[in-house]
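Some notes on the structure that comes next.
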Amino acid sequence: MSGEAGVTLGLLAAWAVHDLEEVVMVPRWARARVPELRGRFPRVPDRIWRQLESVDGRRFATAVAGMAVVVAAAAAEGHRTGGRSAVYQTALNGFGLHGVVHLAPAAAVRGYTPGSVTAPVVVIPFTLWARGRLRRTGVLRPARPLDAVRGLALAAAATAGTHVIARRLHR
Numbered sequence: 387m388s389g390e391a392g393v394t395l396g397l398l399a400a401w402a403v404h405d406l407e408e409v410v411m412v413p414r415w416a417r418a419r420v421p422e423l424r425g426r427f428p429r430v431p432d433r434i435w436r437q438l439e440s441v442d443g444r445r446f447a448t449a450v451a452g453m454a455v456v457v458a459a460a461a462a463e464g465h466r467t468g469g470r471s472a473v474y475q476t477a478l479n480g481f482g483l484h485g486v487v488h489l490a491p492a493a494a495v496r497g498y499t500p501g502s503v504t505a506p507v508v509v510i511p512f513t514l515w516a517r518g519r520l521r522r523t524g525v526l527r528p529a530r531p532l533d534a535v536r537g538l539a540l541a542a543a544a545t546a547g548t549h550v551i552a553r554r555l556h557r
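Number 431 in the numbering used here belongs to position 45 of the sequence shown; there are no gaps in the numbering.
In structure tokens form, the structure reads like this:
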């Protein structure tokens, strides 16, 4: 593998830094910014704005804790396999692409959105560094467009699933 636990277990550390920003900022940011953004972006469906306005900090933190389990499992599998695990590499790809996706809302609102600080300084650089280490040691699978789709699909499915669980736990 890369010779460093940082490449595999670092995924969990980088994710934790990024999601700490989101846990701290999402509820506060939504309450402060949604009224203004609703006026600036009238084509966004009302149900989206209502969801954002009603973000419950405890429920959001519970969903993030659920996602921690998913990321920890992927990082541990990556560590166990020396970075060769398809699950780990897919999670790494999804994490990096997730960071890129965070930049779009920040660009659209021309300002801060939760996750937009750590995406370019933690998420994307960590992903590029880890992929580079895996590539240099010969364990990185060749990148294909399907890998990007799988990475984003894994991130989206895990996020949706953990939010469903958090909603049920906080009823």
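In this text, a Cβ means the ideal position worked out from N, Cα and C, and glycines have one as well.
- Of all alpha-carbon atoms in A552, V410, L520, the one lying nearest the alpha-carbon of R470 is that of L520.
- Under the three-state reduction of DSSP, A529 is assigned to coil, being neither helix nor strand.
- Given a length threshold of 4 residues, each whole run of the alpha helix (DSSP H) inside the region 473 to 556 is given here in chain order: 510 to 522, 531 to 555.
- Between H484 and V456, the gap from beta carbon to beta carbon reaches 8 Å or more.
- The region 495 to 513 and the region 402 to 409 touch, with three or more beta-carbon pairs separated by less than 8 Å.
- Looking at T467, L555, A552, R496, the one whose alpha-carbon comes closest to that of R426 is R496.
- Counting along the chain, F427 sits inside no alpha helix (DSSP H), nor does DSSP assign it H or E at all.
- Here the C-alpha atom of G468 lies approximately 11 Å from the C-alpha atom of Q475.
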